[in-house]
Amino acid sequence: MNKPLIYALLLSILMVAAPHAEHLPPWVSALCAALLVWRAYLTRIGGALPKRWLLTAITFAGAGAILIEFHTLFGREAGVTLLILLTALKFMELRSPRDATVLIYLACFIVITNFFYSQSIPTALYMLATLLVIVTTWVQLNGQSIALKPRLKIAATLLLQALPLTLVLFVLFPRVQGPLWGLPQDAFASSGLSDNMAPGSISRLSLSDEVAFRVVYAGPPPRREQMYWRGPVLWLFDGRTWTPGRTARTIAPEFTNLAQPIDYSVTLEPHNKTWLFALDVPDRLSVAADLTHDFQIVRKEPLKARLRYDARSHLAYRANLRESEQQIQRALQLPRALNPRAQRLAGQWRTEGANDAAVTQAALAYFNRENFSYTLEPPLLTGMNNIDEFLFESREGFCEHYAGSFVFLMRAAHIPARVVTGYQGGEYNEVGGYYIVRQSDAHAWAEVWLSGQGWVRIDPTAAIAPTRIERNLAAAVPDNAALPFMARSAPQWLRDLRLNWDAVANRWNQWVLGYNSELQFAFLTRLGMEDITWQKLALNMTFVLGLVVATFALFMLRHLYTQRPDKVQAAWLRLCSRLAKAGLPRAPHEGAQDYAARVAAARPDLAEAFRDLATRYSALRYGGEPDEQARQMFLQRAATFKVRQGIIRAS
Amino acid sequence: MNHSLNNVITQAEQVIVGKPRQIRMALACLLARGHLLIEDLPGVGKTTLAQVLARTLGLEFQRIQFTSDLLPADILGVSIYQRDNGKFEFHPGPIFAQMVLADEVNRATPKAQSALLEAMEERQVTIEGTTRPLPVPFFVIATQNPTYQIGTFPLPESQLDRFLMRIRMGYPDPQAERGLLSGVDRREIVAGLAPQLESAELLALQQRVQQVFVSPALLDYAQAILRHTREATRYAHGLSPRAGLALLAAARAWALLDGRDAVLPEDVQAVLPGVASHRLQPLGERAKQDGDALVQELIAAVAIP
Chain A
490 MNKPLIYALL LSILMVAAPH AEHLPPWVSA LCAALLVWRA YLTRIGGALP KRWLLTAITF
550 AGAGAILIEF HTLFGREAGV TLLILLTALK FMELRSPRDA TVLIYLACFI VITNFFYSQS
610 IPTALYMLAT LLVIVTTWVQ LNGQSIALKP RLKIAATLLL QALPLTLVLF VLFPRVQGPL
670 WGLPQDAFAS SGLSDNMAPG SISRLSLSDE VAFRVVYAGP PPRREQMYWR GPVLWLFDGR
730 TWTPGRTART IAPEFTNLAQ PIDYSVTLEP HNKTWLFALD VPDRLSVAAD LTHDFQIVRK
790 EPLKARLRYD ARSHLAYRAN LRESEQQIQR ALQLPRALNP RAQRLAGQWR TEGANDAAVT
850 QAALAYFNRE NFSYTLEPPL LTGMNNIDEF LFESREGFCE HYAGSFVFLM RAAHIPARVV
910 TGYQGGEYNE VGGYYIVRQS DAHAWAEVWL SGQGWVRIDP TAAIAPTRIE RNLAAAVPDN
970 AALPFMARSA PQWLRDLRLN WDAVANRWNQ WVLGYNSELQ FAFLTRLGME DITWQKLALN
1030 MTFVLGLVVA TFALFMLRHL YTQRPDKVQA AWLRLCSRLA KAGLPRAPHE GAQDYAARVA
1090 AARPDLAEAF RDLATRYSAL RYGGEPDEQA RQMFLQRAAT FKVRQGIIRA S
Chain B
68 MNHSLNNVIT QAEQVIVGKP RQIRMALACL LARGHLLIED LPGVGKTTLA QVLARTLGLE
128 FQRIQFTSDL LPADILGVSI YQRDNGKFEF HPGPIFAQMV LADEVNRATP KAQSALLEAM
188 EERQVTIEGT TRPLPVPFFV IATQNPTYQI GTFPLPESQL DRFLMRIRMG YPDPQAERGL
248 LSGVDRREIV AGLAPQLESA ELLALQQRVQ QVFVSPALLD YAQAILRHTR EATRYAHGLS
308 PRAGLALLAA ARAWALLDGR DAVLPEDVQA VLPGVASHRL QPLGERAKQD GDALVQELIA
368 AVAIP
């Protein structure tokens, strides 16, 4: 093993293992780094590799420590850790080209494991670069004398040549349902809305600029203040936290007077929850899910993979006009002992107001008139009567404060009301032609039930900070608030860059990562394939792979078939093969005359006839003037030439 | 087949016993208008071969013994002041002969070597501004000792390329050696040899060599050989196009010696050791390998298309 090759191998492993350092146990990272440095040092000074017993001891100690750390040697975390540790150890017994080949295969395998943790475009690009380094090292292993530049060129050519096969495998390889390779649950962090709301829960979410979902409208998009993406509906209040309570799934929701239909498709990031998001009231959905009585869309399983679905919603509607008494009672539930001032204020409105609608208007007017402010950093309200504290003392809050206290006031005034959480608004991406809804767009609002109108959305935040609804969060809160960087008014070029990047990432998500069994099915059906089963896919894949390989082979070996032998040559080759069967094969480099001499020595009975043939062949193939008569004569004699001639002819 | 050419071969074989292949190679080289390099130990008959060829072909013969103090003027000639008429008169050097034997060429300094090699290439000599053509035919047989012997200046690769062929004499086989030891003194025999060819006949034969037919199939084979030396990893570098031309010229001459008017792959294989062994450098571990063995490998590696 020469030094440059060992350094190249070290570089390959270092590059491919580096991203794992983030989640490996620190002692493993340190041990592996120490092993690699040790090997580099030994290579530099030309020292001997460590003894076998020492390596065995380190191996068993390492495996034991991993077993203690993870309680197993299998699964993603423990498996990857073990793999990397053993790869680093393999360096300590790197002696022959065979060991180097093993290391290269290991490096290729570690490339795959990196995708267990991240499947983003930067990861993919970095892995491509790593793969180039690995293949270049591989070329170096097999051709020591090739300089760096041609070596890189060979490696790049190899990768390029692999591209068609990659595409075929990508499109046709049978997909398993669920996330990539059936990853364990911990592969997905759960972020986003939760199923309860306490003061601070949504304002905390507003600090994250992670993407919640992306939306493409089929027609013209609705106005911004109509983009209310409904999520969990909260009924139950314990004085501090709003929770959904027991949602009646058996009662069907009821819509009447639907108008303003709008079609759109949503690409939802995995959030590890069961609900999906839709505008107001959806009546069509392309995936299997239930619509609950309070119009939430709920799946059976938590969402662990990115999901794309089409939906149709109506922005004008009458929902549950005839609400059941049980639901009305749930929507009036209140901890009666708490927040007496708020209850008194609501009672006052009740006596003043002519009807329920007038009471809601009074409440909104109150929010608008009094000195309320909208802020991301409201003071912490810790008392039992925190709604009183908010309404009459601090008067600084985020949307969850307004929505919560508004619903409390309504219920106190005997108007059925509930809290709805979800997202509001979104940022338009001109490059991709879609809206991005981020976690910072999380929002909470209220719905009240008015007789004759059903459930009506009322957003108290709009009464205090209309800009939040009409524009975005950054416009609504003071400049010094701790907003996520991108929600601020960043320079235009930076915003453009960000939007471009998001558009690319969206394509990547939808067409590369999101290419699951459903999309595969849809795509192949459009190509005209019928009755798609995984067996059929596997068969097709094998066939197309064979086709691609055969095409490549034909292209590379084309010089073999452009020189088709002429008739004389073919007859000569037949003669040779006949003699070969008789135990006298012609060596590929053997000329006709030399061959004839050899045949004559071995088979005197054939000597005369074959010498004649060889001389004629030589004259026809290498001679100056093509003579048709001589050509025919040769072909005829070659055809009638018999290997099994008797010895008698020798006379 | 040319009758006189047969006589030449027969007569040479009578003197240089047991070396028919070397005699044919030397003749082929001469007919292809190339120059010949013979590399071997002293005393195996290099000089005798040159002398026999010169005698038999009726060529004017000169011999230059190369030594470390040989000067270019000793080869090319020098102008000497004549007191009688007060003019410089050119005294031609030994290079002005139809056949020149440059003995132990690698004992001389590179300066003297290049004087000879330039004359070989140009077939003319320029001294003090005057260009003087060399006689026709002009044929140089250079001999050199194996380069590992002391006191030698090995010819650089570019100079080796000037020789159409390089051959080895080799020890005679026991039977031939017996005849050699028991027979008459070779020098006497050589002195008594009668020319078998006229100069004009020799020139005509050289013309005929160029008319020997080379078919497309044979060009395919020659190109396959050249390509193999360039693509295979065992050679330091492949054969040049000039080497390819030399190969075809030598193969044509070989075919003519065999009495054919078209070149066969066998002809190419026969002359390839002479043409390629001094032009191919083995690479890496094979560095000590003999050039001839390398060429045999090359022949075995290239299939006849």
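Just so you know, the sequences run in chain order A and B.
Take the position in the first sequence, starting the count at 1, then add 489; the result is the number in the numbering used here.
Take the position in the second sequence, starting the count at 1, then add 67; the result is the number in the numbering used here.
By construction, the Cβ of each residue, glycine as well, lies at the ideal position given by its N, Cα and C atoms.
This structure is a prediction, so every number in the text was calculated from the model and none was measured.
Spatial neighbours of B/Gln132 in its chain, beta-carbon cut-off 8 Å, leaving aside the 5 residues before and after:
Around B/Gln132: Asp170, Glu171.
Is B/Ile83 close to chain A, meaning its C-beta is less than 8 Å from at least one C-beta of that chain?
Judged by the 8 Å Cβ criterion, B/Ile83 is not in contact with chain A.
Kindly give me the distance between the Cβ atoms of A/Ser754 and A/Arg797, rounded to whole angstroms, as I take these residues to be in contact under 8 Å.
Confirmed, about 6 Å.
8 Å Cβ cutoff, A/Pro1077 in contact with chain B:
Cβ-Cβ to chain B under 8 Å: yes for A/Pro1077.
Would A/Asp1083 pass as an interface residue toward chain B - the criterion being a Cβ-Cβ separation below 8 Å?
By this cut-off, A/Asp1083 is an interface position.
Find out if the Cβ-Cβ distance for the pair B/Met236, B/Val84 is shorter than 8 Å.
It is not a contact, given that the beta carbons lie outside the stated cut-off.
Residues that A/Gly1080 contacts on chain B, provided the C-beta gap is smaller than 7 Å
What A/Gly1080 touches in chain B: Leu331, Pro332, Glu333, Gln336, Ile371.
Measure the alpha-carbon distance for B/Gln78 versus B/Arg91 and round it to whole angstroms.
C-alpha of B/Gln78 to C-alpha of B/Arg91: approximately 12 Å in a straight line.
Relative to the C-alpha of A/Ser940, which candidate in A/Val600, A/Trp627, A/Ala847, A/Arg533 has its C-alpha closest?
Comparing Cα positions, the closest option is A/Ala847.
Who are the Cβ neighbours of B/Leu184 in its own chain at under 7 Å, not counting the five residues just before and after it?
Result list for B/Leu184: Gln226, Arg229, in chain order.
Using a Cβ-Cβ cutoff of less than 8 Å, which residues in the same chain neighbour A/Ile635 once the five nearest sequence positions on both sides are dropped?
Excluding residues within five positions, the ones whose Cβ falls inside 8 Å are Val628, Gln629, Ile643.
State yes or no: is the C-beta of A/Leu1109 within less than 8 Å of the C-beta of A/Arg1120?
Less than 8 Å separates the beta-carbon of A/Leu1109 from that of A/Arg1120.
Looking at A/Leu780: is its Cβ nearer than 8 Å to the Cβ of A/Pro771?
It is a contact, given that the beta carbons lie within the stated cut-off.
Of the choices A/Gly553, A/Pro508, A/Leu499, A/His1078, whose alpha-carbon is the least far from that of B/Ala337?
Considering only alpha carbons, the answer is A/His1078.
So the alpha helix (DSSP H) B/Glu106 belongs to, where does it begin and stop?
Looking at the DSSP string, B/Glu106 is not in any alpha helix (DSSP H); the run it does join, the beta strand (DSSP E), is 103-106.
Beta strand (DSSP E) containing B/Pro159: first to last residue?
The continuous beta strand (DSSP E) containing B/Pro159 extends over residues 154-159.
Beta carbon proximity, B/Ala284 to chain A, threshold 8 Å:
Judged by the 8 Å Cβ criterion, B/Ala284 is in contact with chain A.
Give me the Cβ distance between A/Pro721 and A/Trp764, rounded to the nearest whole Å; I'm assuming they're in contact under 8 Å.
Yes, A/Pro721 and A/Trp764 are in contact; Cβ-Cβ is about 6 Å, under 8 Å.
Extent of the continuous beta strand (DSSP E) run through A/Ala1081:
Per DSSP, A/Ala1081 belongs to no beta strand (DSSP E); it is in the alpha helix (DSSP H), 1081-1091.
Minimum C-alpha distance to B/His304 - residue among B/Arg294, B/Leu312, B/Ala121
Shortest Cα-Cα distance from B/His304 to any of B/Arg294, B/Leu312, B/Ala121 involves B/Arg294.
Where in the segment 683-744 of chain A do unbroken runs of the alpha helix (DSSP H), each at least 4 residues long, occur, reported from the N-terminal end onward?
List check, alpha helix (DSSP H) in window: 690-694.
Should A/Pro733 and A/Phe784 be called a contact, given that it needs their Cβ atoms to be closer than 8 Å?
Taking 8 Å as the Cβ cut-off, A/Pro733 and A/Phe784 do not qualify as a contacting pair.
Which stretch, first to last residue, makes up the alpha helix (DSSP H) that contains B/Met236?
For B/Met236, no alpha helix (DSSP H) encloses it, and the DSSP letter there is neither H nor E.
To the nearest angstrom, how far is it from the Cα of A/Leu578 to the Cα of A/Val1001?
Near 35 Å, if we compare the C-alpha coordinates of A/Val1001 and A/Leu578.
Mark B/Val369 as exposed unless 16 or more other C-beta atoms lie within 10 angstroms of its C-beta, in which case mark it buried.
Around the Cβ of B/Val369, a 10 Å sphere holds 16 or more other Cβ atoms; the residue is buried.
Return yes when the Cβ of A/Ala808 is within less than 8 Å of the Cβ of A/Gly1142, no when it is not.
The displayed coordinates of chain A run from 490 to 1140. Any statement about residue 1142 of chain A would go beyond what the structure contains.
Taking the straight line between their C-alpha atoms, what separation do you get for A/Met899 and A/Leu988?
One C-alpha to the other measures close to 41 Å.
For B/Ser307, which residues from the same chain have a beta carbon less than 6 Å from its beta carbon, with the 5 sequence-adjacent residues on both sides left out?
Within the same chain, B/Ser307 has no close Cβ partners at all.
Residues in the segment 1102-1135 of chain A with C-beta within 8 Å of chain B's C-beta atoms, listed in sequence order?
Cβ contacts with chain B: Ser1107, Ala1108, Arg1110, Tyr1111, Gly1112, Gly1113.
Take every Cβ of the segment 266-280 of chain B, pair it with every Cβ of the segment 128-144 of chain B, and state whether three or more of those distances are shorter than 8 Å.
Flag = no, the segment 266-280 of chain B and the segment 128-144 of chain B do not touch.
Taking the C-alpha atoms as reference points, what is the distance between A/Gln1118 and B/Ile76?
Taking the straight line from one Cα to the other gives about 36 Å.
Check whether the segment 255-266 of chain B touches the segment 104-122 of chain B, taking contact to mean three or more Cβ pairs, one atom from each stretch, closer than 8 Å.
Touching, per the Cβ criterion.
For B/Ala95, which residues in chain A fall below 7 Å Cβ to Cβ?
Simply none; closest approach about 17 Å.
Name the two residues that bound the continuous beta strand (DSSP E) containing B/Arg199.
Run containing B/Arg199: 197-200, per the beta strand (DSSP E) assignment.
Tell me the residue span of the beta strand (DSSP E) that contains B/Pro262.
Counting along the chain, B/Pro262 falls outside any beta strand (DSSP E), and DSSP gives it neither H nor E.
State the Cα-Cα distance for the pair B/Arg254 and B/Thr115, rounded to the nearest angstrom.
Taking the straight line joining both Cα atoms gives about 8 Å.
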